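One structure is given below, encoded as structure tokens.
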Ligand SMILES: Nc1nc2c(ncn2[C@@H]2O[C@H](COP(=O)(O)OP(=O)(O)OP(=O)(O)O)[C@@H](O)[C@H]2O)c(=O)[nH]1
Ligand SMILES: [Mg+2]
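In this note's numbering, the protein residues as written are 77 to 527.
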């Protein structure tokens, strides 16, 4: 049973491979015994004091020398007795120390199990545990700062304020519902006015959350177009390195190539693809099938065409195909001129050349506009992060919308109260420590072993 703390768990907490030091972590009731059998120090190991130690195996044979730190329950990361051994950063030594602990009755930790124990022992709130996973997963400085902002309980406080405003309105409605003959119904216009800022606050939290999600998870941009349009040249120019092969032979790129750049703090996954054309050899046809998949999976289609030539059927088809989705149209090779037919057919396109930095800046701006409306994300503010937080916020926003609709349509006041109560209870999933088992499991499954 994962939550039980009757077992002692152990893992190498540092990443695999060679390093300056490695840290082996053990947590659970038999930690004092592990200390007694495996950790030899001149004087008794004191709590929370790094002490030079000789580490031996279960038979007393030397394994390594390093630092040992003992944290006594409940004053540890997990809330249990916890031992950290800082040893030499050799994967072999790390494995041997873990093996010796297993021989003394410990078992290997599951991914995230240390943090899971911290949560179940009341050392850490669920949102903080999720923030820890986000800090570790962060791909950019902005994502790391944003995760850190969520480590504190700011979001829960904001949601509590919204809930208490809702609770006050609900109380005011209660009298009218329970004693319809004695208590007059509150003024409907006044109720709507009181609900408006609550809705606005939640909507703003949801917007910030969506931006945070982008900063955390990144955005896929598929660079598509006919062969020879300059797609790989564009990828290279945006990356600032010669990542993809560029040549004047149409059909140079055969496979999709994915690389990330950071735009306004958002990791943007650029996917260079094989040029689309109808007369392709077998190998190229495979590449074009991958292009199709990249186009389907990416959020934004960046359609590139050689604007110095008249439009061909492939570029016209792509123009039609991407009509109803977020897209950026880019007419490249403006240094060779721009065909008037293209200028008419692609009126909103960026016209320029990958060789011009100003054109690249316009492409980056267009990604920011298509991807996140060029809104700035304030990484210092707490924001919605977990899936269950988004679900709860959107459910509450929808319920408030229905409540306002009911007020407008002069529906019975108890219908309005039901919707407000629903919003109130949904938001409780964010502000209070009530979390369904699958939410808890979902959060901890993201962790690596040893955390
Ligand atoms: N004059 C000019 N040539 C360019 C420009 N961009 C790319 N090229 C040239 O166009 C040719 C094709 O460029 P690529 O980047 O390989 O084109 P692609 O769209 O990736 O082509 P495929 O991989 O075959 O689909 C190369 O010879 C590039 O040097 C540009 O802005 N101006
Ligand atoms: Mg290419």
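Just so it is clear, CB atoms sit at the ideal spot from N, CA and C, and this is done for glycine as well. Source: prediction; values computed, not measured.
Between the alpha carbons of residue 442 and residue 404 lies a distance of about 7 Å. Judged by DSSP secondary structure, residue 289 falls within the alpha helix (DSSP H) whose first and last residues are 264-293.
A distance criterion of 6 Å places the beta-carbon of residue 307 in contact range of ligand 2, judged by its closest non-hydrogen atom.
Across the set 500, 522, 261, 167, the C-alpha of 500 shows the shortest separation from the C-alpha of residue 275.
Taking C-beta separations shorter than 6 Å and ignoring five residues to either side along the sequence, the partners of residue 428 in its chain run 410, 435, following chain order.
For residue 409, the distance from the CB to the nearest heavy atom of ligand 1 is below 6 Å. Under the three-state reduction of DSSP, residue 116 is assigned to strand. Comparing C-alpha distances from residue 300 to each of 334, 292, 281 shows the shortest one belongs to 334. In this structure, the alpha-carbon of residue 257 lies about 10 Å from that of residue 251.
Judged by DSSP secondary structure, residue 470 falls within the alpha helix (DSSP H) whose first and last residues are 463-484.
Assignment of residue 523 by DSSP, reduced to helix, strand and coil, places it in the coil class. In this structure, the alpha-carbon of residue 467 lies about 42 Å from that of residue 170. Residue 380 has its alpha-carbon roughly 18 Å from the corresponding atom of residue 365. A distance below 7 Å separates the beta carbons of residue 207 and residue 223. Taking 8 Å as the upper bound for CB-CB distance, residue 314 and residue 338 are not in contact here, some 11 Å apart. Of the residues 205, 487, 489, 472, the one whose Cα lies closest to the Cα of residue 520 is 205. When distances are taken from the beta-carbon of residue 328 to the heavy atoms of ligand 2, the shortest one is below 6 Å.
Counting of Cβ neighbours within 10 angstroms places residue 517 among the exposed residues, the total staying below 16. Check the Cα spacing between residue 307 and each of 289, 326, 94, 348: the tightest is with 348. DSSP places residue 160 in the uninterrupted beta strand (DSSP E) bounded by 158-164. Rounded to the nearest whole angstrom, the C-alpha separation of residue 373 and residue 293 is 14 Å.
A distance criterion of 6 Å places the beta-carbon of residue 202 beyond contact range of ligand 1, judged by its closest non-hydrogen atom.
Taking the CA atoms as reference points, residue 285 sits about 6 Å from residue 461.
Rounded to whole angstroms, residue 367 and residue 107 show a C-alpha spacing of 54 Å. Cβ atoms of residue 302 and residue 351 come within 8 Å of each other, at about 5 Å. Here residue 103 is buried. Its C-beta has 16 or more other C-beta atoms within 10 Å.
If you draw a straight line from the Cα of residue 527 to the Cα of residue 330, it is about 40 Å long. Between residue 149 and residue 127, the CB-CB gap reaches or exceeds 7 Å.
The three-state reading of DSSP puts residue 167 in helix, counting H, G and I together.
Annotated three-state conformation of residue 324 is coil, per DSSP.
With contacts defined by Cβ atoms closer than 7 Å, residue 85 and residue 234 do not form a contacting pair. Boundaries for residue 433: no beta strand (DSSP E) harbours it, while the alpha helix (DSSP H) harbouring it runs 433-448, taken from the DSSP string. For residue 371, the closest C-alpha among the options 361, 398, 357 is that of 398. About 55 Å separates the CB atoms of residue 162 and residue 245; that is not less than 8 Å, and the two are not in contact.
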